[in-house]
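Our numbering applies: residue 289 is where the sequence shown begins, and numbers increase by one. Cβ atoms here follow ideal geometry from the backbone N, Cα and C, with glycine treated the same way. Source: prediction; values computed, not measured.
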Amino acid sequence: MAYYRKTKTGWRAEVVRDGVRTSAVRKTKAEAQAWAVAEEAAILAGQRGLLPAYTFKQAIDKYRKEVTDKKPPARRRADNLRLTALERDFPQLVAKVFHEIGGEDLAAWRDKRLETVKVDTMMREVNLIRPIWTLAIKEWRWLKESPWKQVRLPRKGKARRRRGMWQEIRRIWRSAGMNLRAAPVTAMQQAAWASRVALHTALRSQEILDMGRDNVDLKRGVYYLRHHKTQDHVGDRIVPLPSRCIPVLTILEQAAAAAGRNEYFTVSDSSRDALYRKLRDRVMVKGLRFHDLRATALTLLSKRVDVMTLARISGHKNINELYNTYYRETEEEIAARI
Numbered sequence: 289m290a291y292y293r294k295t296k297t298g299w300r301a302e303v304v305r306d307g308v309r310t311s312a313v314r315k316t317k318a319e320a321q322a323w324a325v326a327e328e329a330a331i332l333a334g335q336r337g338l339l340p341a342y343t344f345k346q347a348i349d350k351y352r353k354e355v356t357d358k359k360p361p362a363r364r365r366a367d368n369l370r371l372t373a374l375e376r377d378f379p380q381l382v383a384k385v386f387h388e389i390g391g392e393d394l395a396a397w398r399d400k401r402l403e404t405v406k407v408d409t410m411m412r413e414v415n416l417i418r419p420i421w422t423l424a425i426k427e428w429r430w431l432k433e434s435p436w437k438q439v440r441l442p443r444k445g446k447a448r449r450r451r452g453m454w455q456e457i458r459r460i461w462r463s464a465g466m467n468l469r470a471a472p473v474t475a476m477q478q479a480a481w482a483s484r485v486a487l488h489t490a491l492r493s494q495e496i497l498d499m500g501r502d503n504v505d506l507k508r509g510v511y512y513l514r515h516h517k518t519q520d521h522v523g524d525r526i527v528p529l530p531s532r533c534i535p536v537l538t539i540l541e542q543a544a545a546a547a548g549r550n551e552y553f554t555v556s557d558s559s560r561d562a563l564y565r566k567l568r569d570r571v572m573v574k575g576l577r578f579h580d581l582r583a584t585a586l587t588l589l590s591k592r593v594d595v596m597t598l599a600r601i602s603g604h605k606n607i608n609e610l611y612n613t614y615y616r617e618t619e620e621e622i623a624a625r626i
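Structural data, given as structure tokens:
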């Protein structure tokens, strides 16, 4: 049986049938009724041992509404881009009936992706789409067993060892025409300043671009980080800012106040990424990703603070990941120090 009620954003339909309860919001009552009819039919099919003939594309759309769209903005944008790319690059797979997708289909997708991307990238995509099958089994009742059990996945690649050297970083900054005593003016300079903040704070790219006058307290030396990668697990983070970063952020704060805006930076994460790569390649610095600056900063900070304090700064729950992935001091440097 279906029930309908008006909400601020449209009509909510609630379906209760054979012990299964589900609901959704649609813009109009007619759309809500159509959804309820289809959902009730799917429930009945599941109870009778039949499976609804929904496509993988429909599963992706449903997952977007129920899961992806509820994630923090930066994570939501990244996940939606990956899902859109999947739909664009593998039209035959996404057009297939969802419960008819087998291990051989997913293995073919795996092999095709590994022709163009590295193992870690492919595994991030697996971790994004595999929960669709979990939800389809437990809640939607679109299939009975996940085909991922039949797929052999490669092991995670070795941790990166690349670290930024000051000679390289200075070349990048000079290429952007960055003045260390004046706020950035051009978008290229903003990308360079973002890298400067990353080297001081060990923050992620989007976390840096989210900094502003309303969430950075320069007097207390803390950053109130509301949207971040581990938000679902730890909630809001209060990040302690190293003292040497305060003068840098003070320049950005004053520039934002003079312009009458809240944000320190006006470039998007995708623009920052493209501009940073352009700067890096222009001065022939090879293989230094923006995220490597986070590892560089954590390696430098590890010489000044203990590991628990370092975890508070970086936001890591797993100290082993902090050690194995982000601590990049070389054996020669350790030998020289001891």
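Does DSSP put residue i in a helix, a strand or coil?
i      : result
Asp569 : helix
Ala470 : coil
Arg310 : Contrary to the premise, residue 310 reads as Thr rather than Arg in this sequence. Three-state DSSP puts Thr310 in a strand.
Val303 : strand
Lys406 : coil
Lys444 : coil
Ala464 : coil
Arg577 : coil
Glu609 : helix
Ala490 : coil
Lys294 : strand
Glu433 : coil
Glu551 : strand
Arg592 : coil
Ile622 : helix
Ser559 : helix
Tyr615 : coil
Lys317 : helix
Residue i and residue j look like a contact to me (Cβ under 8 Å); what is the Cβ gap, rounded to whole Å?
i      : j      : result
Val385 : Ala322 : That belief does not hold up - the Cβ atoms of Val385 and Ala322 are roughly 20 Å apart, past 8 Å.
Arg448 : Glu413 : Arg448 to Glu413, Cβ: 19 Å. No contact.
Val573 : Arg459 : 6 Å
Asn467 : Asp502 : That pair is no contact at about 26 Å.
Arg525 : Gly452 : Contact flag wrong, Cβ pair sits at about 24 Å.
Lys345 : Ala383 : 6 Å
Output needed for residue i: all residues of its chain with C-beta closer than 7 Å, excluding positions within five of it in sequence on either side, in chain order.
i      : result
Ala475 : Val555, Ser559 and Leu563
Ala424 : Ala347, Phe386, Trp430 and Leu431
Ile601 : Ala490, Val527, Pro528 and Leu589
Trp397 : Phe378 and Leu381
Leu402 : Met410
Counting only beta-carbon separations shorter than 9 Å, does residue i have a partner in chain B?
i      : result
Gln494 : Absent from the structure: chain B. Only one protein chain is present.
In its own chain, which residues sit with a C-beta less than 8 Å from the C-beta of residue i, not counting the 5 before and 5 after it?
i      : result
Ser493 : Ala482, Ala486, Asp557, Arg560, Asp561, Phe578 and His579
Thr295 : Val313
Val407 : Pro442, Arg443, Lys444 and Gly445
Ile539 : Arg469, Ala470 and Ala471
Arg418 : Ser434 and Trp436
Ser311 : Arg300, Ala301, Glu302 and Val303
Val595 : Ile607, Leu610 and Tyr611
Which residues in the same chain as residue i place their Cβ atom closer than 6 Å to its Cβ, once the five residues preceding and following it in sequence are excluded?
i      : result
Ala545 : none
Starting from the N-terminal side, write out each stretch of the alpha helix (DSSP H) that is 4 residues or longer and does not extend beyond the segment 319-400.
344-354, 361-377 and 379-382
When you compare the segment 562-580 with the segment 462-476, are there three or more beta-carbon pairs, one atom per stretch, that lie closer than 8 Å?
Enough Cβ pairs lie closer than 8 Å, so yes.
Starting from the N-terminal side, write out each stretch of the beta strand (DSSP E) that is 3 residues or longer and does not extend beyond the segment 493-549.
510-513 and 525-528
Mind the definition here: the segment 308-327 touches the segment 364-383 only if three or more C-beta pairs lie below 8 Å; say whether that holds.
no
Report yes or no: do the segment 408-423 and the segment 575-589 share at least 3 C-beta pairs separated by less than 8 Å?
no
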